[in-house]
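Residue numbers (our numbering): 1 to 496.
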Amino acid sequence: MKKFKRIAIANRGEVAVRIIKACEELGIETVLLHSEVDIQSRAYRMATKTVCIGPAETAKSYLNIAANIEGALAGGAEAIHPGFGFLSENADFAEACDKAGLVFIGPSAKAIRALGDKVHCKELAKKAGLPLVPGYEGEQQEISRLMAEAEKIGFPVIVKAAAGGGGRGMKLITQMSDARELIESAQREALSAFGSAKVFIEKYLDRAKHIEFQIFGDSTGQVVHFFDRECSVQRRHQKIIEEATSPSLTDDLRRRMGEAAVAIAQLGKYKGAGTVEFLLQDGEFYLLEVNTRLQVEHPVTEMVLGVDLVKAQILTAQGEFVFNPQQMRVPHGHSIECRIYAENPYLGGVPSTGKLGKVDWPEGPGRRYEYGFEDGDEITPFYDPMIAKVIVWDESRPRAIQKMIRVLKESTVFGVHTNIPYLIEILSHKEFVNGTMTTRFIETYFKDPIPQPELSEVEKQIVEAALKQARGGAVTATVGLGQEMNSPWQSYWRGI
Ligand code: ADP
């Protein structure tokens with residue numbers, strides 16, 4: 001296959017920037033396919049070309065297959081990278097790209113259908129004898145049948161949308177008397193969010209860890225794994241902090257889970273980057289699902305292995321990425337990623353939008369920042385609130401935790417609230433430090449909003465000065481920004 005001259009990016013924010021950087025490494029030009037509001041973004045400023053594909057509403061722009069294809073062709077691209085979210089796991093989009101003569105940078109539409117669909121994937125895994133969470137994935141969707149299946153599995157159970165994702169549309173049912181209401185509400189939610197009311201039911205594992213394996217299928221069809229990540233720190237089933245490798249795996253478990261991950265990927269004839277997710281409880285692992293795309297938390301794998309997964313995705317699509325088993329690397333040191341959300345940690349995480357003031361991600365050894373917005377950009381209410389990711393690497397897990405806390409304390413975001421103070425609390429918690437956290441860690445220890453710190457007089461002066469500067473007014477107070485000033489108030493202020 002020939003080398004790409006120009007790749008279109010069907011995404012936004014930090015992942016669009018990440019893809020542009022990988023293209024730059026390979027000397028490939030980029031076309032950013034963006035919505036009307038995303039002209040205020042780092043990706044917009046970095047891309048070689050930009051094509052507006054529609055208004056802010058995702059259905060009319062980022063989720064609109066025809067608009068993305070037209071935009072890519074108009075921008076002179078030969079391939080499309082879908083990033084994650086939006087159309088990245090949409091088999092129809094992969095197919096539409098093929099039809100239009102564009103290379104979809106990801107697995108084939110067939111592989112997406114086989115593995116990306118949760119129910120199909122479970123059927124495939126069952127046939128291959130892989131361990132699954134006990135449950136019901138059948139076609140029969142009458143409420144009486146679903147209730148009977150839930151009772152048979154034994155409470156607590158979890159109901160999920162068959163076409164779902166992103167932690168949405170899931171309901172935990174602890175007793176039969178709630179089953180009807182919760183299953184019906186899951187069906188309604190599934191229909192409105194994913195266009196299909198189909199649900200399935202699983203036994204709820206109440207002290208599980210979320211462990212996943214990065215898989216990769218090269219241009220020749222060889223499938224390998226790039227080791228594991230642990231993502232047990234979740235709020236409402238969505239990951240907040242991820243790390244590589246997991247502190248919870250023995251060598252034997254790592255080997256067996258890695259083999260299972262490769263086996264399922266091989267069954268789907270997988271090409272490119274993907275992730276096989278598992279739950280681990282009491283030393284037993286269960287396949288949860290396969291994500292047929294690049295994962296938000298891919299940087300922690302890159303940090304411990306010294307690989308560039310996005311570059312490898314592009315090379316695979318060009319037909320020139322061939323994995324050499326002799327070159328297989330072993331993970332080195334430890335890496336942690338924190339997702340930075342524009343939300344108010346003192347009000348339980350309500351979204352926080354507005355114009356960014358001063359934003360500073362200070363450089364240092366073993367630090368990496370993936371961000372999509374800079375000083376003066378507008379954080380709008382239309383999209384996911386994740387505005388950046390902070391990633392650290394150090395020789396050991398304790399050192400990586402220490403480094404992450406320090407880095408977060410030194411990072412500055414003015415203009416919107418962020419979850420930075422919340423992340424610092426989580427990273428300092430005994431259970432996280434010990435590596436014993438389960439997926440219920442947040443709901444157990446961080447149910448309530450964290451208390452808002454009182455600002456000292458000096459801190460108030462600094463905030464005031466920074467706000468004046470951001471507004472273009474004169475700076476009336478001059479105060480040194482020393483280490484001691486890097487307290488959690490940094491994301492306290494908004495209203496610029
Ligand atoms: P999504 O595709 O929406 O992300 P997943 O099936 O990957 O949904 O699950 C997301 C998270 O929800 C998991 O990481 C886990 O914390 C929780 N979860 C899902 N299924 C179960 C289960 N059967 N038991 C316990 N927790 C579960």
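For glycine and all other residues, C-beta sits at the position ideal for the given N, C-alpha and C. What you are looking at is a predicted structure, and each value in this text was computed from that prediction instead of being measured.
Check	Outcome
VAL37 versus ALA56: straight-line alpha-carbon distance, rounded	6 Å
Residues bridged to ASP360 (per DSSP)	THR412
Collapsed DSSP secondary structure at LYS3 in the structure displayed	coil
GLN295: CB within 7 Å of a non-hydrogen atom of the ligand ADP	no
Own chain, CB closer than 7 Å to THR316, minus 5 neighbours either side, in chain order	ASP218, SER219, LYS271 and GLY272
Test: SER232 CB closer than 8 Å to a CB of chain D	Included in the structure is just one protein chain, with no chain D present.
Whole-angstrom C-beta distance between GLY169 and PHE200, which should lie under 8 Å	Rounded, the Cβ-Cβ distance is 11 Å, inconsistent with contact.
Segment contact flag, the region 96-114 with the region 48-62, C-beta cutoff 8 Å, min 3 pairs	no
Alpha carbon of LEU309 to alpha carbon of MET147, nearest angstrom	43 Å
Those residues which DSSP pairs with LYS447 across a bridge	DSSP lists no partner for LYS447.
Heavy atom of the ligand ADP within 7 Å of ALA100 beta-carbon	no
Uninterrupted alpha helix (DSSP H) stretches inside the region 249-330 (no shorter than 4 residues)	251-267, 298-305 and 309-317
Backbone secondary structure at PRO156 - three-state DSSP	coil
Cα-Cα separation between ASN64 and VAL407, rounded to whole angstroms	38 Å
Touch test, the region 423-440 against the region 370-377, Cβ-Cβ under 8 Å, three pairs minimum	no
Sheet register partners of GLY354 (DSSP bridge)	ILE379
Distance cut-off 7 Å: LYS203 Cβ against heavy atoms of the ligand ADP	yes
Helix, strand or coil at TYR44 according to DSSP, with G and I counted as helix	helix
Length at least 3, wholly inside the region 155-240: the beta strand (DSSP E) runs in chain order	157-161, 171-173, 199-203, 209-217 and 223-235
Identified DSSP bridge partners for GLY54	SER35
When TYR371, THR380 and PRO362 are compared against MET404, the one with the closest alpha-carbon	PRO362
Host alpha helix (DSSP H) of ASP384 (start-end)	Taken as a continuous stretch (DSSP letters only), ASP384 belongs to no alpha helix (DSSP H), as it is neither H nor E.
Of the listed residues LYS2, PHE4 and VAL17, nearest to TYR371 (C-alpha basis)	VAL17
Residue closest to ALA114, alpha-carbon to alpha-carbon, out of ASP252, THR353, ILE264 and LYS389	ILE264
Spatial distance of ILE28 from ILE183 (CA atoms)	48 Å
Under 8 Å between C-beta atoms of GLY258 and HIS225	yes
Boundaries (first-last residue) of the beta strand (DSSP E) holding HIS120	Here HIS120 belongs to no beta strand (DSSP E); instead the alpha helix (DSSP H) covers 118-127.
heavy atom of the ligand ADP below 7 Å from ARG168 C-beta	yes
ILE420 - containing alpha helix (DSSP H), residue span	420-428
With 16 other Cβ atoms within 10 Å as the buried cut-off, status of SER335	buried
Close Cβ partners of PRO381 (< 8 Å) along its chain, the five nearest in sequence each way excluded	PRO351 and THR353
Range of the contiguous beta strand (DSSP E) that encloses ILE340	334-341
CA-to-CA distance, LYS358 to ALA466, given in whole angstroms	8 Å
Within 8 Å, strictly: CB atoms of ARG6 and SER41	no
Proximity below 8 Å, CB of GLU24 to CB of LYS311	no
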